[in-house]
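Residue numbers (the UniProt record's numbering): 1 to 72. In this text, a Cβ means the ideal position worked out from N, Cα and C, and glycines have one as well. A short worksheet on the structure shown next.
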Amino acid sequence: MVQILSVLFFLLAFAGAAAMLQVTVRDYRDEILAALLGETPPRRAGRSWSRTRVNARPRPVVISVRQQRAAA
1 MVQILSVLFF LLAFAGAAAM LQVTVRDYRD EILAALLGET PPRRAGRSWS
51 RTRVNARPRP VVISVRQQRA AA
């Protein structure tokens, strides 16, 4: 019984993944084919993660209670 339920669960998961892939391919089919055939230049990525992290504000320095009391 457990084996049947686990098989049904995995079949349902695979069916869901296949449906999402089908929707994605259907929505972007023209762009995918154009990129594979080399007809259009690839899209430019937005901001790179490294640049985003460099421009991010540094975290504030957290001072412990003991250090605050010692400084006071």
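Boundaries (first-last residue) of the alpha helix (DSSP H) holding residue i
i, result
"residue 139", "What the structure shows of the chain is the stretch from 1 to 72, and residue 139 is not part of that stretch, so it cannot be assessed."
"V65", "65–71"
Three-state secondary structure assigned by DSSP to residue i
i, result
"E39", "coil"
Nearest-angstrom Cβ-Cβ length linking residue i and residue j, presumed shorter than 8 Å
i, j, result
"V25", "I32", "7 Å"
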